[in-house]
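Presented below is the structure to which this report refers.
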Amino acid sequence: MRKILVWFYLFVNVSGYAQNFEIQKYGTRITAADLKENLAILASDAMEGRETGKRGQKMAAAFIKAHFEELGLKGPVNGDYYQVFDLYTTRPGESYVKVGEQRFNNFTDITYYGNNDSGGEISLPLIFAGNGSEEALRQVDIKDKAIFLLTGMNFPTNESLRSLREKGAKMIFISHTESKADFNKVSNQIKSFYGPRDLTLRKPADNATLPGVFVVSPLMSEKFFGASREQLSKIIADGYKKNALKKIKQADIKYRTSSGVKPIKSENVLGFLEGSDKKDELLIITAHYDHVGIKPNGEGDRIHNGADDDGSGTVAVMELAKVFSQAKQDGKGPRRSILFMLVTAEEKGLLGSDYYTQNPVFPLDKTVVNLNIDMIGRRDPQHSNSDPYVYIIGADKLSTELNEISEAANKKYTNLIFDYTYNDVNHPERLYYRSDHWNFARKNIPIIFYFDGIHEDYHKPSDEIEKIDFDLLTKRTQCIFYTAWEIANRDERIVSDKQ
Ligand SMILES: [Zn+2]
């Protein structure tokens, strides 16, 4: 009896030992050399800073897709690896005004303020309508015409513009600045409203049904009517005496306005590894592969290579995909399925993960966890000489078990210092809300966000591969691997018990 018991005890122990050995066999296949090889490509100048919708982002997507294909992962989006969707940019479109042979392009002496597409070149008579007051409108018929208003620095109100349109004005030109310098200021302000780098997931509820207005420089009264701004001002100041408005000859103009709202396509890249006996349940491991692109102005290096942000997370996910795939090939694949997802448009406001969680490829209620990796390749100033560390954010927010698993896996295999400084949702940096995991957390899916801290090269062209600590990147990736392995293979799925 005793003998058998001892033997049985030994057997259990040995199998436990064998299992640890097995896990570590795959964990140690996460190597600095692999991570470096992939990052050297993703963070190279050839990728042009991987800005959403741009060529570099598409190249990075193709690179990740090829990696997933090579590993034998499945493309889960109707057989494809790409989840493609529309984002909207509000970059100003082509707009111009022609007077005779002369053409004025947008942001020169004319600035179009609106989102309407005129659908081609429009020809209209342009008349001077004073300051648009009722008194002025008694002298001119504005129906089916373009009108030119001369006002003080107070821009006409929306109500007054609407009223002029109701009376039949097809387009409104406004001259409200005394000098070209003042006009340029206004013009630049309008330009900045378009937020040339901003993208949205939802189509902006724009005022596309309204024709918008042209704001013009003081020079344009001369171009349109052969009369200076001063001369026209005098007519208003004199109270439109002697039908003065009628004496200003109408101009024949042509113009074109283009919608500032344009759809652009971008893509999340998804690689799916099917689980064994619990394959309906899913882990999602994410990082964002986009970055902020090329700075429009400035000298020196203008390409933001984003080696740490988030090249480091991207190569970590690629490496995790590799080792889990190898385990599966050896018959040691995870019991639950794993979706490796590199999302786009994080830098534009977590849009890729927002899109996925609104249009999930796998049911969200079967999604057990999201492990999100955003910047894990560097040290921040607070840890310049510390033992290997990582910031853990959000692990305890929705699931008690998840935090316990995370702690236990690290203790057992990697022994990183877990820094919880940013785990406080009230921390001024608000990191719990600042990367893609947040879109999963808001759907009540337990998450962990892995992060290395805020360093001096954050969102700068100097976020380069030379500054990546590959040993640390390897250890952190291994830490995530052991945590994922446990979540994927344990008997019971982790639950969200802290809703
Ligand atoms: Zn990032």
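Using numbering that gives the first Met the number 0, the first residue of the sequence shown is number 0, and each one after it goes up by one. Ideal Cβ positions, reconstructed from N, Cα and C, are used throughout, including at glycine.
The beta carbons of Y87 and P262 sit closer together than 8 Å. A distance below 7 Å between beta-carbons, with the five flanking residues on each side excluded, links G71 to the following residues of its chain, in chain order: S324. The beta carbon of T413 sits closer than 7 Å to the beta carbons of K474, Q477, C478 and Y481 from its chain, once the five residues preceding and following it are set aside; these are given in chain order. Nearest neighbour of R201 by Cα position, chosen from R301, A59, G348 and Q101, turns out to be G348.
Taking the Cα positions, D79 is about 8 Å away from K73.
Here DSSP, grouped into helix, strand and coil, assigns A59 to helix. Between the alpha carbons of R335 and A65 lies a distance of about 24 Å. Inter-residue distance for V139 and F127 is about 8 Å (C-alpha atoms, whole angstroms). Inter-segment contact for the stretch 182-189 and the stretch 106-121 is present: three or more beta-carbon pairs are separated by less than 8 Å.
Per DSSP, H436 is one residue of the alpha helix (DSSP H) stretching across H436 to A440. Between G310 and A42, the C-beta gap is smaller than 8 Å, which places the two residues in contact. By DSSP's assignment, G270 forms a beta bridge with F339. Secondary structure at A226: coil, using DSSP grouped into helix, strand and coil. Annotation for S257: G92, E93, S94 and D116 place their beta carbon closer than 7 Å to its own, counting only its chain and skipping 5 residues before and after. Listed as beta-bridge partners of S132 by DSSP are no residues whatsoever. At a Cβ-Cβ threshold of 8 Å, I171 and V212 count as neighbours. Shown here for G270: same chain residues with a beta carbon closer than 6 Å to its own, the five before and five after excluded, namely F67, L72, A320 and F339 in chain order.
Relative to W437, the option among I467, K53, K396 and K277 whose CA is nearest is K396.
Here Q381 has G452 as same chain residues with Cβ atoms under 7 Å from its own Cβ, once five neighbours each way along the sequence are excluded. The C-alpha of T313 lies about 51 Å from the C-alpha of Q101.
Judged by beta-carbon spacing, K97 lies within the 8 Å limit of I252, meaning their Cβ atoms are closer than that value. With a 10 Å radius around the Cβ and a threshold of 16 neighbouring Cβ atoms, V83 comes out exposed. Exclusion of the five residues before and after V76 leaves Q82, L269 and V360 as the residues of its chain whose Cβ lies within less than 7 Å of its Cβ. Beta-carbon to beta-carbon, Y288 and I63 are separated by about 6 Å, close enough to satisfy the 8 Å threshold. Relative to ligand 1, E463 has its C-beta separated by 7 Å or more from all heavy atoms. H290 is bridged by DSSP to E50. For M374, the distance from the CB to the nearest heavy atom of ligand 1 is below 7 Å.
Nearest in C-alpha terms to N37, of all of D329, L472 and R489, is L472. For S434, the shortest C-beta to heavy atom distance toward ligand 1 is below 7 Å. Listed in chain order, the non-local C-beta contacts of P387 below 6 Å within the same chain comprise L415, L471 and K474, local neighbours out to five positions each way being set aside.
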